[in-house]
Each structure stands twice: as C-alpha cells, then as structure tokens.
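If you read the sequences in order, they're chains Z and D.
Those letters in the first sequence? Residues 1 to 189, by full-length UniProt numbering.
Those letters in the second sequence? Residues 1 to 189, by full-length UniProt numbering.
Note that beta-carbon positions come from the ideal geometry of N, C-alpha and C, so glycine has one too.
Here the structure is a predicted model, which is why all the values come from computation and not from measurement.
Step one of this worksheet: look at the structure below.
Number of protein chains: 2
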Amino acid sequence: MTTSTTPTPRRLRTRQRLIDHGLDLIERQGYDQTSAAEIARAAGVTEMTFFRHFATKEQLVLEDPYDPFLAEGIGDQPRELPPLHRAARGIRSAWRMLPEPEQPEIRRRVRIAARTPALRGAMWRSTGNTEQAIAARLEADGASAFEARAAASAVIAALVTGLYAWADGEVDTLGAAIERALDVVAGDA
Amino acid sequence: MTTSTTPTPRRLRTRQRLIDHGLDLIERQGYDQTSAAEIARAAGVTEMTFFRHFATKEQLVLEDPYDPFLAEGIGDQPRELPPLHRAARGIRSAWRMLPEPEQPEIRRRVRIAARTPALRGAMWRSTGNTEQAIAARLEADGASAFEARAAASAVIAALVTGLYAWADGEVDTLGAAIERALDVVAGDA
DNA sequence: GGCATAATGTTAGCCACTAACATTCAGGTC
DNA sequence: GACCTGAATGTTAGTGGCTAACATTATGCC
C-alpha cells in the first residue's frame, strides 16, 4: 500500500541533489562506471541514503513520467476496431491531452537508457504497469486476454522505440516520435 | 570474435549439470531465492566455475534457442506490404521451416522467465539481437530505419507475450501461440 | 527551549560478478 | 604405464548493488 505521506521539503531537496549529480556523473562516465556510492558522495550523502530514495540504481534514471495515464484514452475508441488499433488510437488521444512534460529532463534520461544495455531491459520492466493497464482496458472492452496482452505489448514496444529515436535526435519532437511509432503499428487508424 | 573452439566433453557435462540442478532449484525456490553459489554447490562445482559457464545468472535460464533464424523469412515477403506485415509474415514462414525444438526444456525456461520480474527485463535484452536482425532486413527491403525498428520491436514484443501465454498453459502448442500473437499485430496477413 | 518524528548515519552482511594465480584432470606420446 | 600439455576447475581477494538493525541528527510545532 505504499503509504504515501507527502514528502518533506528536506527529503525533496536531497532527492533532487541525487538526481542532479547522478545524471551528471552518469552522462560523463557512463552508467556502469558510476557507482551509487559515488553519486551519494557527490550529493553529500551516504550510500544508504541513496537507496532510501531510489529502490534501485536504475530508478534514478528511469523515473516514469509519461506513463500511467496512457491507458485512459482507450475506452473512447470504437469497439469494432481490432485491439491493436484501439490501443494505438487510445494512446494517441491520451497523449494529446497531456500537459507538455519537462522534456529536457526526460530526454536526458531516455538518452542514457538508450545507450545503456542494462537499462534497456529495465525500461521494459518499468513499462510493465502501463502495459498491464492498457491490456486491462482492451480486455474490458471485449478483447480476449491473449489479444489484449499481445496488442498492449506491441504498442508499448513501438512507443519505447520511438522514444529512443527521439532521444537520439532522429525525430524532432516527442509528439512526432510517438505519432510515427504508433503509425507503424496501426498506420490506417 | 567469440573464439569458438568446440567445447570439450567434460565441459559439456558440467554445463549440463549446472543447467539441470539450476532449473530444478529455481523451480522449487524461485529465481531470487536461489543463489549462483547454491546451484554450483548442487552441481558439485565452485561458484567461480558457474560464472565461467554462464556470464550471468540470467543466462542459465535465458538460453536462446528459437532466436537467430527468425529474420530469414522476411526477404521473401512482398515489398508492397507495410513493414509490420512483412515482419509478421516473415517470422511466421521462418518458424514453419524450423525443426521442432525440444519444447519441454524451453517451456521450463519460459515459465520461469514469465514468473520472475527480474527476468522479464532480461528476456527483452536477450531478444535484442533478433530484433536488430529483423529491423536490418526490413530496412534492406526499403523501410526507413525508424519504421524498421518500431515494427521489429512490436512484433517481437507480441511474440514474447505469446511465448509467456504458452508457458502458462493458455495456449496448447508453441506454434499456435506464435500464430495467434502474430495475428494480433498483423491479422490480415 | 523542548519534543516527536522524519531524515540521515553506521556497521555489518549477502549476493552477483571479476581478476590473478594455483591446481587438477584428460588425452595423446613414448 | 610414466610423461606432458592444455583445458577445466579451484582459491583467494575484492568491487558494487542492495538490505537489516540500530544509533544519531535535524526540523517543525508547541
């Protein structure tokens, strides 16, 4: 039940220092070459404290800002469409309603993730919740469990690939990257 | 350049003992609750030896038998089709030409992977090569790099989801699971 | 200023994984 | 059957991610 008391200002500051120094160090030296202890030291704090803020070292990089709402738009899609198309259209419409997130920070993170094999796996794990939410929506609207999961995973995979391309500078805006990625899996929608 | 000398019989036996005891222990106790040292001990061997056979503990579970040929069938698909459909049809036709792999062993592995969050990420990483091979074929046949990667990742994601469903007993045969998964992403092919 | 509680520190330890060096084993030669 | 060589394994020591248990400091409120 993640007892979620509002974090105290002090805690927020330490957390932010960890993020700042962490991303800095990792960008300069690489993820594997940067230890949690080193980041903690740079932030003026103990290794133990690092892990009290981030359950794993991966989580420092893989915060998940764009995630949990993405399933919301699916219910509005016409049920005659096959699950893959419903998922793609739903995500697209949900995305359009999102406030512009702080893109520079996200982009730093995604770029690091794209370059670090260890994190590409972790990214997949971290999108697991979203995937499940999408699958649940699809299933609620009539798809079989199997179809729902297959469609959800395919759409998320394409989307993450789009994110990577954006972080690498192949696509100009996050929005465009998402649109193009979804077009590939459901181009006629 | 993986200097690949043919492994000596002795080495093969130790390796097999590690696999046998490893899968046994993991099935009984869970992946996280089973240490590499424990598996090594059960196989009558040192922890160090374990890691000389498997670069990581993950690799003991995630051997990759069905992988590298899957890209082969793509070249035969009509180029007018969009990349996603070419990929799906290519994999389907490649699969049909494969000799039946030793399914019981694979199924044990996939089932473990499906149940272990840490391994679901690793699975993704381990399919990276296949994904890249598929994307390369798509690109060679005229798709843009972006389209190629998005389509390849979506198809692989669906396929892995199908594998999980098969391992869980939701689908009877591996072949059927693959067909159904591909139908979801490219049903009209 | 005093107090309760959140935030951090300390210490000790497990496990995945690696490097460097020492030992044993298997298969062919004589 | 003793001998020799290279592959396979063992030993030891260490790093880094991560956790548990307990002690200390800081912060906001009275």
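> Is Z:Ala-135 closer than 7 Å to Z:Arg-149 when the C-beta atoms are compared?
Replying inline: Against the first sequence, residue 149 of chain Z aligns to sequence position 149. Against the first sequence, residue 135 of chain Z aligns to sequence position 135. Cβ distance < 7 Å, so Z:Arg-149 and Z:Ala-135 count as in contact.
> Any Cβ of chain D within less than 7 Å of the Cβ of Z:Leu-84?
Replying inline: Residue numbering aside, residue 84 of chain Z sits at position 84 when the first sequence is read from its first letter. Yes, its Cβ sits closer than 7 Å to a Cβ of chain D.
> Grouping DSSP H, G and I as helix and E and B as strand, with all else coil, what is Z:Asp-76?
Replying inline: Locating residue 76 of chain Z in the first sequence gives position 76, where the first residue counts as 1. Three-state result, Z:Asp-76: helix.
>> DSSP three-state label for D:Glu-139, please.
In response: Stepping through the second sequence from its first residue, residue 139 of chain D is reached at position 139. Three-state DSSP puts D:Glu-139 in a helix.
>> Could you check whether the stretch 157-171 of chain Z touches the stretch 99-116 of chain Z, counting it as contact only if at least three pairs of C-beta atoms, one from each stretch, sit closer than 8 Å?
In response: yes
> Just the Cα atoms here: how many angstroms apart are D:Thr-34 and D:Ile-26?
Replying inline: Counting from one through the second sequence, the residue named residue 34 of chain D turns up at place 34. Counting from one through the second sequence, the residue named residue 26 of chain D turns up at place 26. Taking the straight line joining both Cα atoms gives about 6 Å.
> Beta carbon of D:Ala-158, beta carbon of D:Glu-131: below 7 Å?
Replying inline: Locating residue 158 of chain D in the second sequence gives position 158, where the first residue counts as 1. Locating residue 131 of chain D in the second sequence gives position 131, where the first residue counts as 1. Not closer than 7 Å, so no.
> So does the stretch 121-128 of chain Z actually touch the stretch 166-183 of chain Z, counting three or more Cβ pairs closer than 8 Å?
Replying inline: no
> Do D:Arg-108 and D:Leu-23 have their C-beta atoms within less than 7 Å of each other?
Replying inline: If you number the second sequence from 1, residue 108 of chain D lands on position 108. If you number the second sequence from 1, residue 23 of chain D lands on position 23. It is a contact, given that the beta carbons lie within the stated cut-off.
> How many Å lie between D:Thr-49 and D:Val-110 at the Cα?
Replying inline: Residue 49 of chain D sits at position 49 when you count from the first residue of the second sequence. Residue 110 of chain D sits at position 110 when you count from the first residue of the second sequence. Computed Cα separation, rounded: 25 Å.
> According to the Cβ coordinates, are Z:His-53 and Z:Leu-12 closer than 7 Å?
Replying inline: In the first sequence, residue 53 of chain Z corresponds to position 53, counting from 1. In the first sequence, residue 12 of chain Z corresponds to position 12, counting from 1. Taking 7 Å as the Cβ cut-off, Z:His-53 and Z:Leu-12 do not qualify as a contacting pair.
> Based on Cα-Cα distance, which residue from D:Gln-77, D:Pro-99 and D:Ala-118 lies nearest to D:Glu-58?
Replying inline: As a working mapping, residue 58 of chain D is identified with position 58 in the second sequence. Looking at the Cα atoms, D:Ala-118 is the closest of the given residues.
>> My output table needs one value for Z:Ser-35: the three-state DSSP class, helix, strand or coil.
In response: Within the first sequence, the letter at position 35 stands for residue 35 of chain Z. Note: Z:Ser-35 maps to coil in three-state DSSP.
>> Please identify the residue among Z:Glu-100, Z:Arg-120, Z:Phe-146 and Z:Leu-70 whose C-alpha is closest to the C-alpha of Z:Tyr-31.
In response: What you label residue 31 of chain Z is simply residue 31 of the first sequence in a count that begins at 1. Of the listed residues, the one whose Cα sits closest to Z:Tyr-31 is Z:Arg-120.
> D:Phe-69 to D:Gly-90, Cα distance in whole Å?
Replying inline: To locate residue 69 of chain D, count along the second sequence from 1; it is residue 69. To locate residue 90 of chain D, count along the second sequence from 1; it is residue 90. Those two C-alpha atoms are separated by around 10 Å.
> Taking buried to mean at least 16 other C-beta atoms within 10 Å of its own C-beta, is Z:Thr-14 buried or exposed?
Replying inline: For the purposes of this step, residue 14 of chain Z is identified with residue 14 of the first sequence, where counting begins at 1. Z:Thr-14 is buried by the Cβ-count criterion.
> Is Z:Glu-102 buried or exposed, if buried means 16 or more other CB atoms sit within 10 Å of its CB?
Replying inline: If you number the first sequence from 1, residue 102 of chain Z lands on position 102. So Z:Glu-102 ends up on the exposed side.
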